[in-house]
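Below is one structure; the comments refer to it alone.
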Amino acid sequence: MAAAPSADAAASHGARDSKDSQDSRDSHEMLAVVRADGRTSLSRVRRPTLAAPDDVIVRVAFAGVCRTDLRVADGGAAVSEPRILGHELAGVVEEAGPRASVARGARVSIDPYVACRACAGCAREAPCEAPAMLGLDLDGAFGSHVRVPAASLVPLPDDVPLDVGAFVEPVAATLAILRASIARADRGVVLGRGRIARLAYDVLRAKGFERVALHDPERDASLPASSFDFAVETALDAATVACAARLVRPRGRIVLKSRAGAPLAIDFGPLLRKEIALEPVWYGDFREAAALVGRLEVRARLAAPRPLAAFAEVFAAARDERAGKQLFALSGER
Ligand SMILES: [Zn+2]
Ligand SMILES: [Zn+2]
């Protein structure tokens with residue numbers, strides 16, 4: 010269910026709101042980054058309340074901005090409006106429904122995809138065919154509170170600070186690479202630049218893939234052809250696929266990791282000639298991600314967290330893949 014902007018929000022929609030304090034004037038309201046009326050702005054909306062017996066209300070401590078949020082903000086992803094953006098977060102359980110087996114005060118991150126529990130994928134513990142995503146199909150994390158089903162909670166280890174915990178989702182997305190048919194002894198290459206490629210490289214190394222290289226296909230074409238067993242793409246475009254097809258040996262594989270937002274024209278010729286397999290992967294295990302995130306020097310990649318009021322600047326900075334990961338600081342908890 011969408012958070013309806015209050016009458017007050019509808020009237021004050023837009024830049025004037027960005028001067029508001031993050032504290033609600035009314036405990037039933039909160040400020041949030043909202044897509045509505047074909048634009049994205051900081052608006053005053055109703056705070057979420059429990060809607061189902063297994064629902065939980067999480068007080069958001071930190072929320073990260075990623076490419077999906079930028080797509081929604083730009084109108085590049087269809088959402089029913091109004092919609093609160095954001096799907097990468099860590100926070101503290103503030104309220105739990107009678108059938109939610111979680112303690113108030115629990116420190117958690119979130120798996121942002123809520124499975125439908127009715128499709129062929131859900132029936133065989135494969136990816137859900139029609140998951141509802143936080144920040145896209147459901148109201149998300151860029152507000153003081155968010156409602157999620159208890160099954161979406163990912164408990165954080167005690168030694169993982171909440172800003173680092175907000176990075177569990179990107180780590181889980183990266184752990185998906187391990188679902189591909191690759192082995193630790195394989196020679197692999199991660200293609201891309203910036204944060205996501207670096208994270209994929211670090212996760213593979215942390216998981217014992219010692220023969221993995223990081224390569225920017227735009228910068229240099231010097232690597233010898235057919236010198237890797239597998240390639241991992243982290244920003245899918247035709248040039249990256251062509252580069253991967255050149256670098257991977259015959260009967261090697263290309264792991265498709267990024268979530269392409271648009272159709273792509275690919276030359277399948279080199280892939281067919283070398284019998285290279287394309288292997289798409291979706292998500293790894295979120296609990297494994299929560300256990301791993303503290304070991305990945307995530308802090309070095311995070312920009313200084315900023316309040317929601319700075320949302321325009323934060324979103325502008327998030328467009329630079331080489332800059333630090335942008336984070337909102339909400340509740341003040343760490
Ligand atoms: Zn994300
Ligand atoms: Zn399903």
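In this text, residue positions in the sequence shown follow our numbering: the first is 10, and each later residue adds one.
C-beta atoms are modelled at their ideal positions from N, C-alpha and C, and glycine is treated no differently.
Distance from the CA of Ala309 to the CA of Ala129, rounded to the nearest whole angstrom, comes to 41 Å. For Ala45, there is no enclosing alpha helix (DSSP H); the residue is found in the beta strand (DSSP E) stretching over 38-45. Looking only at Val169, Asp276, Phe320, Ala115, the smallest Cα-Cα distance to Ser50 is reached by Phe320. Where Val180 is concerned, the enclosing alpha helix (DSSP H) starts and stops at 177-184. The beta carbon of Leu305 is closer than 6 Å to those of Asp211 in its chain, skipping five residues each way along the sequence. Every residue whose beta carbon comes nearer than 7 Å to a heavy atom of ligand 2 appears here in chain order: Ala124, Cys125, Arg126, Ala127, Cys128, Gly130, Cys131, Cys137, Glu138, Ala139, Pro140.
Ligand 1 has no heavy atom closer than 7 Å to the beta-carbon of Glu330. The Cβ atoms of Ala244 and Gly197 do not sit closer than 8 Å to each other.
A distance below 8 Å separates the beta carbons of Pro121 and Gly144. Its Cα nearest to that of Arg258, the residue Ile285 stands out among Ile285, Leu317, Asp246, Glu322.
Selection Leu317, Ala253, Leu301, Glu330 evaluated against Val163 yields Leu301 as nearest (Cα-Cα).
Burial state of Thr77 is buried, judged by a 10 Å Cβ sphere holding 16 or more other Cβ atoms. Beyond the five residues adjoining it in sequence on each side, Ala312 comes within less than 7 Å, by CB distance, of Ala326, Ala332, Gly333, Lys334, Gln335, Leu336 in the same chain, given in chain order.
For Thr49, the CB stays at least 7 Å from every heavy atom of ligand 1. For Glu97, the distance from the CB to the nearest heavy atom of ligand 1 is below 7 Å.
Annotation: the continuous alpha helix (DSSP H) that includes Asp172 extends over 171-174. Around the beta carbon of Pro107, fewer than 16 other beta carbons sit within 10 angstroms, so the residue counts as exposed.
In terms of side-chain proximity, the C-beta atom of Thr183 is found no nearer than 7 Å to any non-hydrogen atom of ligand 1. Nearest to Arg204 by C-alpha distance, out of Pro57, Thr58, Val74, is Val74.
Between the alpha carbons of Gly217 and Ser267 lies a distance of about 22 Å. When secondary structure is reduced to three states using DSSP, Pro279 falls in the helix class. Within the same chain, Cβ atoms closer than 7 Å to the Cβ of Glu297 are found at Leu184, the five residues on either side in sequence being excluded.
Three or more pairs of CB atoms, one per stretch, sit closer than 8 Å, so the region 57-69 contacts the region 101-117. Where Thr249 is concerned, the enclosing alpha helix (DSSP H) starts and stops at 247-256. Leaving aside the five residues that flank Val173 on each side, the residues in its chain whose CB is nearer than 7 Å to its CB run, in chain order, Val302, Gly303, Val307, Arg308. Using a cutoff of 7 Å, the CB of Thr77 counts as near ligand 1, since one of the ligand's heavy atoms is closer than that. Within 7 Å of the C-beta of Glu288 there is not a single heavy atom belonging to ligand 1. Runs of the beta strand (DSSP E) lying entirely within the region 291-341 and spanning at least 3 residues, in chain order: 336-338.
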